[in-house]
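Enquirer: Residue numbers in the sequence shown follow my numbering, run continuously in steps of one, and reach 294 at the last position.
Where a beta carbon is used, it is the ideal one built from N, C-alpha and C, also for glycine.
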Amino acid sequence: MKEPLILIKGAGDLASGVAHRLHRAGWVPVMTELAQPLVVRRTVSFAEAVYEGRVAVEGVTAALAENERDIAILRRQGIIPVTVDPAGTLVKAMRPAVLVDASMAKKNQGTRIKDAKFVIALGPGYCAGRDVHAVVETKRGHYLGRVIVDGFALADTGEPDPVNGYSHERLLRAPAGGVFRSGRRIGDTVAAGEIVGWVREAGDDQAPPPEIPVRTAISGVLRGLIRDGCRVKTALKIGDVDPRGNPEYCSAISDKARAVAGGVLEALLMLSEGDIKCSFFVESAR
9 MKEPLILIKG AGDLASGVAH RLHRAGWVPV MTELAQPLVV RRTVSFAEAV
59 YEGRVAVEGV TAALAENERD IAILRRQGII PVTVDPAGTL VKAMRPAVLV
109 DASMAKKNQG TRIKDAKFVI ALGPGYCAGR DVHAVVETKR GHYLGRVIVD
159 GFALADTGEP DPVNGYSHER LLRAPAGGVF RSGRRIGDTV AAGEIVGWVR
209 EAGDDQAPPP EIPVRTAISG VLRGLIRDGC RVKTALKIGD VDPRGNPEYC
259 SAISDKARAV AGGVLEALLM LSEGDIKCSF FVESAR
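#1: Can you give the Cα-Cα distance for A33 and R83, rounded to whole angstroms?
#2: Using 8 Å for Cβ pairs, my map puts P183 next to I220. What's the rounded Cβ distance?
#3: At which residue ranges does the region 104-138 contain complete beta strand (DSSP E) runs of 3 or more residues, listed in the order of the chain?
#4: If you follow the alpha helix (DSSP H) that T97 is in, where does it begin and where does it stop?
#5: Can you check which of these residues, V171, Y257, V187 and T146, is closest to F196 by C-alpha distance?
#6: Can you give, in chain order, each stretch of the beta strand (DSSP E) that sits fully within the region 41-73 and has at least 3 residues?
#7: What residue range is occupied by the uninterrupted beta strand (DSSP E) comprising I79?
#8: Could you tell me which whole alpha helix (DSSP H) segments of length 4 or greater appear in the region 200-287?
#9: State the CB to CB distance for the pair G96 and G118, rounded to an integer number of angstroms; the pair is presumed to be in contact (CB under 8 Å).
#10: Here's the rule: buried if 16 or more other CB atoms are within 10 angstroms of the residue's CB, otherwise exposed. What is V48?
#11: Mind checking E56: buried by the 16 CB within 10 Å criterion, or exposed?
#12: Less than 8 Å separating the beta-carbons of I89 and A64?
#13: Report yes if the CB atom of V155 is closer than 8 Å to the CB atom of E41, and no otherwise.
#14: Considering only the beta carbon of each residue, do K264 and R178 sit closer than 8 Å?
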């Protein structure tokens, strides 16, 4: 039997946690991304395949696919295809059996319940039963990973999840719009107040463009940092300092991503119950 197509919109750290879980369960999903992904947790995001061509996260490999032929070849090899598709045309062209909207946009940017047989979304902005078949809770706390089949996930508060008591303090944000550069690497130890990068603003013909430093607010380990050369907007999240100070966490899928991934797998099993469960989830497994 032909393996059903599972398409994941987005390839950041949460989306990659979902793709990793589905791959371990026996399926090879397809992931879509922007032409210039602004991913912070790059060491655990399959979005890096857009830049590097091929990446691995905890033993699972993803590679950049230029077209549907590449996608088919990679899937046969057990490699997760990542393709640039900002307009979402692939959903219409490939007609996936399952669509997982993992873009984490905090609002619905066009996903419809009719886009696939089963449509699942991560986090706030989607109404289960109207926009999608199921929503998976992404907010840390008692309900993280919960599958919602009627209604919404918890609203976005704008406050980052706390780690060791730090929330917004652990985030690095662009101090201005421009091009970001940094000589630091994910996994580096940093001190509070340390400069970890600069944003070069747009200049004019008479004066060179100024560079505004990006400083840490707390000490810890750089768990995430966007790529050098990315163009950013003011206040965009461009980095993440982990106050726990363990560099091993930088290359490991987070507890949050694993919980959300478990919710997606649960949602798939719930939605398929009494419909095509045997053919979809048993015969198609590799």
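Expert: From the atom records:
#1: Approximately 14 Å, taken between the alpha carbons.
#2: In this structure P183 is in contact with I220, their Cβ atoms being roughly 5 Å apart against a cut-off of 8 Å.
#3: 106-109 and 126-130
#4: Per DSSP, the unbroken alpha helix (DSSP H) holding T97 starts and ends at T97 to M102.
#5: Here residue 196 is Asp; the residue named in the question, Phe, does not match the sequence. Of all alpha-carbon atoms in V171, Y257, V187 and T146, the one lying nearest the alpha-carbon of D196 is that of Y257.
#6: 62-65 and 68-72
#7: Run containing I79: none in the beta strand (DSSP E); it sits in the alpha helix (DSSP H), E76 to R84.
#8: Every alpha helix (DSSP H) of 4 residues or more that sits fully in the region 200-287 is shown, in chain order, as 263-280.
#9: 7 Å
#10: buried
#11: buried
#12: Reading off the sequence, residue 89 comes out as Pro, not Ile. Not a contact, by the Cβ cut-off of 8 Å.
#13: The answer is no: Cβ separation not under 8 Å.
#14: If you check the CB distance, K264 and R178 do not come in under 8 Å.
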